[in-house]
Structures are given as structure tokens and as C-alpha cells.
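Data first, discussion second: the structure below is written as C-alpha cells.
Number of protein chains: 2
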Amino acid sequence: MPIVRKLTRSGPLGEDDRAAILSLAQDSVMLDAGVAIVADGGPVDRCCALLSGFASRSKVTGEGKRQILSLHVCGDLLDLHGLMRGVADHDIRTLTPCRVAFLPRSAILDLIDRHAAIAHALWLDTLADASVFREWILNVGRRGARTRIAHLLCESALRVAAADPDARSGLPLTQAQLADATGLTPVHVNRVLQALVQERLIDRDDGTITIVDFDRLAILGEFDPAYLGSLAHG
Amino acid sequence: MPIVRKLTRSGPLGEDDRAAILSLAQDSVMLDAGVAIVADGGPVDRCCALLSGFASRSKVTGEGKRQILSLHVCGDLLDLHGLMRGVADHDIRTLTPCRVAFLPRSAILDLIDRHAAIAHALWLDTLADASVFREWILNVGRRGARTRIAHLLCESALRVAAADPDARSGLPLTQAQLADATGLTPVHVNRVLQALVQERLIDRDDGTITIVDFDRLAILGEFDPAYLGSLAHG
DNA sequence: CGCTCTGTTGACTAGACTCAAGGCTAGTGG
DNA sequence: CCACTAGCCTTGAGTCTAGTCAACAGAGCG
Numbered sequence: 003m004p005i006v007r008k009l010t011r012s013g014p015l016g017e018d019d020r021a022a023i024l025s026l027a028q029d030s031v032m033l034d035a036g037v038a039i040v041a042d043g044g045p046v047d048r049c050c051a052l053l054s055g056f057a058s059r060s061k062v063t064g065e066g067k068r069q070i071l072s073l074h075v076c077g078d079l080l081d082l083h084g085l086m087r088g089v090a091d092h093d094i095r096t097l098t099p100c101r102v103a104f105l106p107r108s109a110i111l112d113l114i115d116r117h118a119a120i121a122h123a124l125w126l127d128t129l130a131d132a133s134v135f136r137e138w139i140l141n142v143g144r145r146g147a148r149t150r151i152a153h154l155l156c157e158s159a160l161r162v163a164a165a166d167p168d169a170r171s172g173l174p175l176t177q178a179q180l181a182d183a184t185g186l187t188p189v190h191v192n193r194v195l196q197a198l199v200q201e202r203l204i205d206r207d208d209g210t211i212t213i214v215d216f217d218r219l220a221i222l223g224e225f226d227p228a229y230l231g232s233l234a235h236g
Numbered sequence: 003m004p005i006v007r008k009l010t011r012s013g014p015l016g017e018d019d020r021a022a023i024l025s026l027a028q029d030s031v032m033l034d035a036g037v038a039i040v041a042d043g044g045p046v047d048r049c050c051a052l053l054s055g056f057a058s059r060s061k062v063t064g065e066g067k068r069q070i071l072s073l074h075v076c077g078d079l080l081d082l083h084g085l086m087r088g089v090a091d092h093d094i095r096t097l098t099p100c101r102v103a104f105l106p107r108s109a110i111l112d113l114i115d116r117h118a119a120i121a122h123a124l125w126l127d128t129l130a131d132a133s134v135f136r137e138w139i140l141n142v143g144r145r146g147a148r149t150r151i152a153h154l155l156c157e158s159a160l161r162v163a164a165a166d167p168d169a170r171s172g173l174p175l176t177q178a179q180l181a182d183a184t185g186l187t188p189v190h191v192n193r194v195l196q197a198l199v200q201e202r203l204i205d206r207d208d209g210t211i212t213i214v215d216f217d218r219l220a221i222l223g224e225f226d227p228a229y230l231g232s233l234a235h236g
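Chains A and B, in that order, are what the protein sequence lines are. Going by the numbering used here, the first sequence opens with residue 3, and the numbers climb by one from there. Going by the numbering used here, the second sequence opens with residue 3, and the numbers climb by one from there.
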């Protein structure tokens with residue numbers, strides 16, 4: 003169970019803690035790509051656990067420009083942030099087809115009340131998210147397009163690898179999604195990606211991006227995985 | 003005590019909880035402007051509570067460009083994020099002269115263990131921080147310079163007002179700091195500020211910025227305080 | 001008095017955006 | 001089986017926002 007695996011990474015859980023979590027995430031649902039799981043401003047009465055596929059948080063400006071705030075992979079809990087307040091301050095949407103399990107809000111709150119270890123683990127999980135947000139601000143605010151995209155690719159690759167060590171596939175992000183994640187336009191992303199392919203840093207086949215030379219890409223992207231904490235390496 | 007006041011905003015605390023917090027924050031220190039309280043990559047063995055003045059979180063790119071991640075006012079707990087991991091993933095520095103109290107890490111961890119209500123309140127506090135981070139990503143990622151600066155000014159004004167309802171002073175940010183917060187250059191910030199003054203949206207006297215017409219500035223900045231949650235209004 | 005920091009201004013540059021068109025693939029319906 | 005459509009990707013030309021570089025003014029300070 004990927005969620006238990008992820009939470010255990012940040013701290014120890016007792017056998018009863020694990021059992022309590024597992025009892026919640028019973029049935030799962032398959033969602034199409036591009037589906038909104040949570041809408042900005044809407045109520046959050048359940049927590050969505052991502053079992054497969056990619057999802058994102060995003061917000062939209064008054065002018066309708068979308069900015070992706072973070073990417074999420076298998077094992078991530080998607081709306082802990084909104085859950086505690088009961089109302090979402092951002093969208094959560096699938097980027098690819100996704101399998102998800104819904105955990106009712108009341109059950110989570112109950113879990114927190116009764117299992118201090120789980121409450122602690124969930125806190126650490128949200129702190130890890132916050133750490134990623136901070137790096138994302140730096141990335142979008144102060145780095146040029148090449149560096150910015152390189153950084154994003156490095157981060158995503160590591161998180162995918164941590165969540166699913168066997169996965170050998172590339173990142174299934176469209177250039178428009180990449181643009182929303184980096185605060186650039188699809189056209190510019192396209193040109194940068196072409197350059198990166200030219201330089202043998204990445205490769206592209208049929209809609210997915212694979213990293214050819216991680217080390218050089220990390221240098222270009224000024225990528226230091228320290229901020230990922232337990233989100234890097236399994 | 004501003005810290006207790008702030009934590010109470012997100013949820014109820016018992017009398018013993020309050021007492022436990024107060025017993026920690028005994029003595030305080032005065033710090034100059036521009037001092038690093040926590041350094042990126044360094045150990046975090048204490049939590050710093052801000053009693054007066056302004057502080058910021060920031061990170062620096064490989065090329066030495068600084069990006070401010072969030073501003074902090076009276077009552078904020080400054081390094082809860084690093085505290086739980088024991089190592090900081092960003093700088094924390096004073097922007098103005100500040101009065102701070104240092105709470106030892108062990109004492110905080112102990113507090114969390116023994117007072118579930120405090121642990122909960124601290125979690126909510128970090129969640130509120132995360133919410134601000136997300137809006138900040140949108141701001142630097144997708145908004146133009148005018149909107150971006152207007153948004154930042156609105157947010158800062160509200161947070162200051164929430165922390166200290168009596169305060170009538172403006173924001174004591176230099177244009178360079180404003181530039182680091184918005185991901186712009188000081189030169190460009192200068193020109194935008196002049197335009198905003200021209201349009202009677204803000205005013206400047208001797209290093210501080212005051213908002214003349216909050217409503218119009220909020221429209222320009224696409225500012226909706228919802229994301230601030232308990233950080234807005236006392 | 002000179003130094004540093006902050007703010008200001010002008011001239012020039014460049015990185016990224018906009019607009020517009022066209023190609024490719026997959027899916028859909030006749 | 002073939003048109004038709006809708007996404008996604010690609011390319012080119014032109015524009016513009018914001019950055020760069022450089023110089024200077026004023027305040028505060030040792």
C-alpha cells in the first residue's frame with residue numbers, strides 16, 4: 003500500500019496505526035485525465051489518496067492563467083491541506099488517468115484524534131509538501147527558462163522514482179502542463195525542450211519525457227535534492 | 003502574548019496549553035535588521051518566535067539571486083518547518099530590527115508530545131504558511147509586475163493588521179526586498195511603485211509604503227484574502 | 001570627509017510572449 | 001473506409017515586458 007509506505011518514510015508507525023490506515027482506503031476509483039478532484043473554493047469533505055497516475059495542484063489568476071503548484075505521484079495524499087480547513091484554496095486535478103481512493107474527512111479527523119503517530123506523520127507529510135512549494139517559488143521566481151525546466155524535470159524524476167522504484171517510464175506531461183508548472187508559455191517550453199534534446203539531456207517519445215543524462219541536467223537545473231527530504235529515494 | 007493570540011485563532015487552547023507555551027517564551031533578544039536567524043542547510047535546534055519587526059524566509063539560486071518566500075510579522079513562529087526535520091532548507095533573516103524569543107527544539111518537541119491541542123495548532127499554523135506559499139507561487143509565476151506587487155502589498159498589509167490591529171505604520175520594505183519578494187529587479191520595482199503612487203494607490207514616505215486605496219489596489223492585485231485563512235483579520 | 005545603502009533615471013538589450021499558421025495523430029461518425 | 005475534428009506539437013515573425021548597465025543624488029554614519 004503506497005500510502006503507508008510513504009508515511010512510514012517520515013517516521014515509525016505502529017502495527018495498529020497501519021491497520022487503521024489500511025481499513026480506510028478500501029475501495030478505489032479510476033479517473034480520466036484532466037478531471038478536477040477538488041475545486042478551488044469548494045468544500046473538502048474527503049481526502050483523496052493517489053494510487054496510480056499523476057495529479058497536480060493548481061490555481062488560476064483573474065485573467066485565467068493557470069499555475070501548477072505541485073505535481074503528485076502514486077502514494078501522495080492529495081488534499082490534506084484543504085481537509086483541515088474544510089475548504090480548498092486551490093484546484094486538484096488529474097494529469098493522467100489515475101486510480102484514487104477517497105477517505106472521508108471525518109474518518110481522517112478521527113484517525114488524527116486517536117493515533118498520535120499518524121497525526122505526526124501527516125504533519126510531516128504536509129511539511130514536506132511545503133518544502134517543495136518553497137523550492138517551487140524559487141524556481142519560478144528567479145531562474146531562467148532552461149534552468150527552471152531542468153529543475154522541474156529533475157524533481158519530478160526523483161519523486162517518481164521514490165514512489166515507484168520499478169517505474170522506467172518517462173514523465174507523461176504535455177508541454178502545456180509543463181508550461182503551467184513552470185510559469186512559461188507552451189511555445190517557449192517547446193523551444194527549450196528541443197534545445198535540451200539537442201544537447202542530449204533528455205529524450206522524447208510519444209508524449210513522454212525521459213531524462214538521458216540526469217547529472218548534467220541536475221547541474222543545469224541547479225538541482226539539489228536536499229529539500230525533498232523523505233520524498234526523494236524510497 | 004502575540005504567539006498565543008495567533009495560535010488561538012486557528013483553534014481553542016486549554017489554560018494549561020497556554021501556560022505551557024508562555025513558560026517557554028521567557029526571555030527575548032533584540033536583533034538588527036538583515037541578520038540571519040537560520041541559515042539554509044544549517045541545523046535547527048530552536049524555534050524562533052517573532053515578537054516585533056519583520057522577517058523573511060528566502061532561498062538563493064546558484065547564480066546568487068535571492069527569492070523571498072514569505073514575510074513574517076509579530077506573532078509568527080519562524081522555523082517550525084525546519085524544526086521538525088532538524089535542518090533548514092532555507093534562510094530566515096530579519097528585514098527590520100526585530101525582537102525575538104528562542105524556544106529550544108527539545109522543549110517544542112516535548113510540548114507536542116504532551117499537548118495534543120498545541121500539536122494541532124502548530125500543524126494548522128504550518129498549513130496556513132503552506133497556503134501562503136501556494137498563492138506566492140501563483141503570484142510570481144503568472145502575474146505581471148504591477149499585479150504582482152499590488153498583490154504582495156495587499157497581503158502584507160492584511161497580515162500586519164491581523165498581527166497588530168493598532169499599527170498605523172506602512173510597510174518598511176526596501177525596493178530591493180520588494181524585488182526579492184516578487185522575483186523582479188529593484189529597478190523595475192522602482193518604476194512600478196512610481197506608477198502606483200501616480201495612480202493614488204499607494205504612498206511613500208521615508209522608506210515605508212502605505213496603502214492609500216486598498217480596494218482599488220486589491221482589484222489591481224487580484225487579491226482575495228480567502229487563502230490567508232486565520233492569518234487575515236485578528 | 002568619504003563610504004555605503006537606497007532610490008532614481010536613461011539608454012539599451014534580451015528573454016519570453018503573442019499571434020498565426022500548419023502538421024501529425026488519434027478518435028469519431030457517416 | 002474515409003472525411004472530419006480535436007489535441008498536441010512545431011515553426012516563424014514581430015512585439016514587449018522586464019532585465020542590464022551605468023551614472024548620480026541624497027541620507028545616514030563612522
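All C-beta atoms, glycine included, are put in the ideal place defined by N, C-alpha and C.
Counting only Cβ-Cβ distances below 7 angstroms, leucine 129 of chain A has contacts in chain B at His83, Met86, Thr128, in chain order. Under DSSP, serine 30 of chain B forms a beta bridge with B/Ala103.
The criterion of a C-beta distance shorter than 9 angstroms is satisfied by valine 46 of chain A and valine 40 of chain A. Here serine 54 of chain B carries a strand assignment [DSSP, helix/strand/coil].
Out of B/Ala109, B/Leu113, B/Ser72, the CA that lies nearest to the CA of leucine 97 of chain B is found in B/Ser72. About 7 angstroms separates the CB atoms of glycine 223 of chain B and leucine 155 of chain B; that is less than 8 angstroms, so the two are in contact. Exclusion of the five residues before and after valine 62 of chain A leaves Asp42, Arg68, Gln69, Asp93 as the residues of its chain whose Cβ lies within less than 8 angstroms of its Cβ. In the DSSP assignment, the residues bridged to cysteine 49 of chain A are A/Leu105. Shortest Cα-Cα distance from aspartate 81 of chain B to any of B/Ala169, B/Glu65, B/Ala51 involves B/Ala51.
Annotated as proximal: arginine 59 of chain B and histidine 74 of chain B, with beta-carbon spacing under 9 angstroms. Excluding residues up to 5 positions away in sequence, Ser72, Glu157, Tyr229, Leu230, Leu233 lie with their Cβ nearer than 8 angstroms to the Cβ of valine 134 of chain B in the same chain.
Contact between the stretch 124-139 of chain B and the stretch 194-212 of chain B is not established, with fewer than three Cβ pairs separated by less than 8 angstroms. Within the stretch 139-189 of chain B, the complete alpha helix (DSSP H) segments of 4 residues or longer fall at 147-165, 177-184, listed in chain order.
Three or more pairs of CB atoms, one per stretch, sit closer than 8 angstroms, so the stretch 110-121 of chain A contacts the stretch 13-20 of chain A. The three-state reading of DSSP puts valine 75 of chain A in coil, since its state is none of H, G, I, E or B.
The closest CA to that of serine 12 of chain A, considering only A/Ala130, A/Ala22, A/Ala220, is found on A/Ala130.
Leaving aside the five residues that flank glycine 44 of chain B on each side, the residues in its chain whose CB is nearer than 8 angstroms to its CB run, in chain order, Val89, Ala90. For histidine 153 of chain A, the CB contacts under 7 angstroms within the same chain, skipping 5 residues up- and downstream, are Asn141, Arg145, Gly223, Glu224, Phe225 in chain order.
Straight through space, the alpha carbons of alanine 181 of chain B and arginine 206 of chain A are spaced by roughly 37 angstroms. By the 16-neighbour rule on beta-carbons within 10 angstroms, alanine 164 of chain A is buried. Against chain B, a Cβ distance below 7 angstroms from phenylalanine 135 of chain A picks out Ala132, Phe135, Arg136, Ile139. Taken in chain order, the complete beta strand (DSSP E) segments of 3 or more residues contained in the stretch 190-220 of chain A are 204-207, 210-213. The C-beta of valine 142 of chain B comes closer than 9 angstroms to at least one C-beta of chain A. The beta carbon of leucine 105 of chain B lies closer than 7 angstroms to those of Leu26, Ala27, Arg48, Cys49, Ala51 in the same chain, with the five residues before and after it left out.
Taking 8 angstroms as the cut-off between beta carbons, none of the residues of the stretch 5-20 of chain A comes near chain B.
Interface annotation for the stretch 43-73 of chain B against chain A: Gly43, Arg59, Ser60, Lys61, Val62, Thr63, Gly64, Glu65, Lys67, Arg68, Gln69, Ile70, Leu71, Ser72, criterion Cβ-Cβ distance under 9 angstroms.
Sixteen is the threshold: since fewer than 16 other Cβ atoms of the shown chains lie within 10 Å of the Cβ of aspartate 112 of chain B, the residue is exposed. Non-local C-beta neighbours of histidine 190 of chain A in its own chain, meaning closer than 8 angstroms and more than five positions away in sequence, comprise Ala147, Ala181, ordered along the chain. The C-beta of glycine 172 of chain B comes no closer than 9 angstroms to any C-beta of chain A. Residue state for aspartate 93 of chain B is assigned as strand, using DSSP reduced to three classes.
The straight-line gap separating the alpha-carbon atoms of aspartate 215 of chain A and alanine 169 of chain B is approximately 54 angstroms. In the three-state DSSP reduction, valine 62 of chain A falls in the strand class (E or B). When the five nearest sequence neighbours on each side are left out, the beta carbons in the same chain lying within less than 7 angstroms of the beta carbon of leucine 53 of chain B are those of Pro4, Ser30, Cys76, Arg101, Val102, Ala103, in order along the chain. Excluding five sequence positions before and after alanine 35 of chain A, the CB atoms of its chain that fall closer than 6 angstroms to its own CB belong to Thr96, Thr98, Pro99, given in chain order.
A distance below 9 angstroms separates the beta carbons of proline 174 of chain B and glycine 209 of chain B. Residues of the same chain with a CB within less than 6 angstroms of the CB of arginine 150 of chain B, apart from the 5 flanking positions on each side, are Asn141, Thr184 in chain order.
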